[in-house]
Amino acid sequence: MHVPVMLQETVGSLDVRPAGAYLDATLGGGGHAAEILRRAGGTGRLLGIDRDPSALRRAEAALQSIPGTVVTVQGNHGDLGAIADARGFGLLDGVLIDTGVSSQQLDEAERGFSFNQDGPLDMRMDPTGGETAADLIARLDGEGLAHLFRALGEEPQAGRIARAIVRARDQAPILSTARLAEIVTAAVGGRRDRRRHPATRVFQALRMAVNGELEALGSALEAAMVRLRPGGCLAVITFESLSDRLVKQCLTGHVGRDVALQQGGSRWEGLLPRMDWVHRRAVRPAPEELSQNPRARSAKLRAVRKRPADARADLMQESHPS
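Be aware that the sequence shown starts at 26, since it is given in the working numbering, and climbs by one per residue.
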């Protein structure tokens, strides 16, 4: 069963109100969405997006008994702007983006996300199309693999691992999670760090590349901020340092400052639309939550609120750039 991470902290950051319009860009099991609907008191509207059709079905079943209007769409959260427009969701009171892999995806061996059980080397969030992790490993040369593991996995032994993979695939295609984990473990000299499996960073890099995760996240952040109405909030949960750095850098650019001018008045230094932090620092799971859900240990929550401004002008500026 998928347990929503930092449920109260995350939904609390959205400042949910009755009759509001909300977007859960990574619906997953629907846990956060259910709490949003409850806090909206039966009068809220929620648009839920997820790449994974099986996740959508689970979420729809979980949400059907909760009062409120729910629209679900299979799609990429990087396209949330176009999806929201197509479904009649204009300005939004809150947007949630949860970048994590769900427990169901990790626990289903056939999805290929985990090295803890053997399965096909897939890793696609949307299993209906696109390149798999096995395809990627077969296609890239040694340099390409090493670059991938360094850039998206921050793997210090990327070169050694890439060479081992090339040698192994010359003998036979690498098609299973167990085989890849075995190759990586042997390449780095066994499992020295008991807290982290040797293949953790390699699996992360492959998953992020297969699903274009950083590109989708960057697009989603900008589109979400444009579509917030004044006072609306954006909450983002990340589980690894690359995504968290992207979120922090992007949001910080919009949390600018008003600089006083000598001749009077002020000048805005920052990107548009203008935002304020909901939390000055990233929020981490409480010890009580970690004792119940150890998979939440790397989670970070960052949230911003849109400053009172002309949100419609922001939306029009995106639709009709100068």
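For every residue, glycine included, the Cβ atom is placed at its ideal position computed from N, Cα and C.
Bear in mind the structure is a predicted one, so any value in this text is a computation, not a measurement.
- C-alpha gap between Phe114 and Leu72, whole angstroms: Taking the straight line from one Cα to the other gives about 8 Å.
Please give the ranges of any alpha helix (DSSP H) in the stretch 195-249, keeping only runs that are unbroken, at least 4 residues long and fully inside the region.
You should have 202-212 and 225-236.
For this session: Leaving aside the five residues before and after Ala206 along the sequence, list all residues of the same chain whose C-beta is less than 6 Å from its C-beta, in chain order.
Result: Cβ neighbours of Ala206 beyond the five flanking positions: Phe140 and Ala224.
**Asked** How long is the line joining the alpha carbons of Gly184 and Gly167, rounded to whole angstroms?
**Response** Cα atoms of Gly184 and Gly167: separation of roughly 8 Å, rounded to the nearest angstrom.
*asked:* According to DSSP, is Val261 part of a helix, a strand, or is it coil?
replied: In the structure shown, Val261 sits in a strand (DSSP, three-state: E or B).
Going by C-alpha distance, which of Gly103, Ala80 and Gly67 is nearest Thr97? Ranking Gly103, Ala80 and Gly67 by Cα distance to Thr97 puts Ala80 first.
Enclosing beta strand (DSSP E) for Thr94 [first to last residue]
Looking at the DSSP string, the run of the beta strand (DSSP E) that includes Thr94 is Thr94 to Gln99.
Candidates Arg63, Ser244, Gln33 and Asp40: which alpha carbon is nearest Arg254's? Among Arg63, Ser244, Gln33 and Asp40, the Cα nearest to that of Arg254 is on Asp40.
message: Starting from Asp160, trace the alpha helix (DSSP H) in both directions and tell me its first and last residue.
response: Run containing Asp160: Ala158 to Arg164, per the alpha helix (DSSP H) assignment.
Exercise. Return helix, strand or coil for Ala307, following the three-state DSSP convention.
Key: Note: Ala307 maps to coil in three-state DSSP.
Fill in: Exposure label - Arg306; buried when at least 16 CB within 10 Å
Classification of Arg306: exposed, given that the 10 Å Cβ count is below 16.
| said: Within 10 Å of its beta-carbon, does Gln130 have 16 or more other beta-carbons around it, so buried, or fewer, so exposed? | reply: With at least 16 other beta carbons inside 10 angstroms of its own, Gln130 counts as buried.
Exercise. Between Ala336 and the rest of its own chain, which residues show a CB-CB distance below 6 Å, the 5 nearest in sequence each way excluded?
Worked result: Confidence in Ala336 is poor, its pLDDT being 47 and thus under 50, which makes the residue's placement too unreliable to answer from.
With burial defined as no fewer than 16 other Cβ atoms inside 10 Å of the residue's Cβ, what is the status of Val284: buried or exposed?
By the neighbour-count rule (16 or more Cβ atoms within 10 Å), Val284 is not buried but exposed.
Use the C-beta contact count for Ser316: other C-beta atoms within 10 angstroms, 16 or more gives buried, fewer gives exposed. Of the other Cβ atoms in all chains shown, fewer than 16 fall within 10 Å of the Cβ of Ser316; this residue is therefore exposed.
Shortest alpha-carbon distance to Gln89 belongs to which of Arg76, Gly106, Asp77 and Gly67? Of Arg76, Gly106, Asp77 and Gly67, the residue nearest in Cα terms is Gly67.
His57, buried or exposed, once every other Cβ within 10 Å from all chains shown has been counted against 16
Buried is the call here.
> Between Glu240 and the rest of its own chain, which residues show a CB-CB distance below 7 Å, the 5 nearest in sequence each way excluded?
Replying inline: Contacts found: Gly103.
Item to complete: Could you check the C-alpha separation between Pro29 and Ser291 for me, to the nearest Å?
Response: If I take the Cα positions, the gap works out to 42 Å.
**Request:** Alpha carbon to alpha carbon, how far is Thr157 from Ile262? Give it in angstroms, no decimals.
**Result:** Between Ile262 and Thr157, the C-alpha separation is close to 25 Å.
What residue from Gly144, Leu242 and Asp160 has the CA that sits closest to Ser201's CA? Its Cα nearest to that of Ser201, the residue Gly144 stands out among Gly144, Leu242 and Asp160.
ask   = Hey, out of Ala311, Arg221 and Arg76, whose CA is closest to Gly154's CA?
value = Minimum Cα distance to Gly154 is reached at Arg76.
>> Is it buried or exposed, Ala230, if we count other Cβ atoms within 10 angstroms and call 16 or more buried?
In response: Counting every other CB atom within 10 Å of its CB across the protein chains shown gives Ala230 a total of 16 or more, marking it as buried.
| said: Between which two residues does the alpha helix (DSSP H) holding Gly178 run? | reply: Boundaries of the alpha helix (DSSP H) harbouring Gly178: Gly167 to Gly178, taken from the DSSP string.
Any idea if Ala86 is buried or exposed, counting beta-carbon neighbours within 10 angstroms, 16 or more meaning buried?
When all chains shown are included, Ala86 counts as exposed.
Close beta carbons around Gly295, own chain, < 8 Å, minus the five adjacent residues each side: Only Gly278, His279, Val280, Gly281 and Arg282 meet the Cβ criterion.
Which same chain residues, not among the five before or five after Val303, have their C-beta less than 7 Å away from its C-beta?
Excluding residues within five positions, the ones whose Cβ falls inside 7 Å are Ser38, Cys258, Ala328, Val329 and Arg330.
Checklist line | Pairwise C-alpha distance: Arg42 and Ile208 | finding: Spanning the alpha carbons of Ile208 and Arg42 requires a straight line of approximately 51 Å.
Problem - Delimiting residues of the beta strand (DSSP E) encompassing Gly291 - result: Residue 291 is actually Ser in this sequence, not Gly. That run of the beta strand (DSSP E) goes Ser291 to Glu294.
| request: Give the single residue among Arg70, Thr51, Leu161 and Val235 whose Cα lies nearest to the Cα of Arg112. | output: The residue with the shortest Cα to Cα distance from Arg112 is Arg70.
*asked:* List, from N- to C-terminal side, the alpha helix (DSSP H) runs of 4 residues or more that fit wholly inside the stretch 107-163.
replied: Segments of the alpha helix (DSSP H) lying fully in the stretch 107-163: 128-132.
Distance, Phe264 Cα to Ala197 Cα = A straight line joining the alpha-carbon of Ala197 with that of Phe264 spans about 33 Å.
CB-CB under 6 Å to Ala260, same chain, minus the five flanking residues each way: which ones, in chain order?
Cβ neighbours of Ala260 beyond the five flanking positions: Thr35, Ser38, Leu39, Leu121 and Ala328.
Item to check | Residue closest to Ala193, alpha-carbon to alpha-carbon, out of Thr210, Gly289 and Glu133 | outcome: Of all alpha-carbon atoms in Thr210, Gly289 and Glu133, the one lying nearest the alpha-carbon of Ala193 is that of Thr210.
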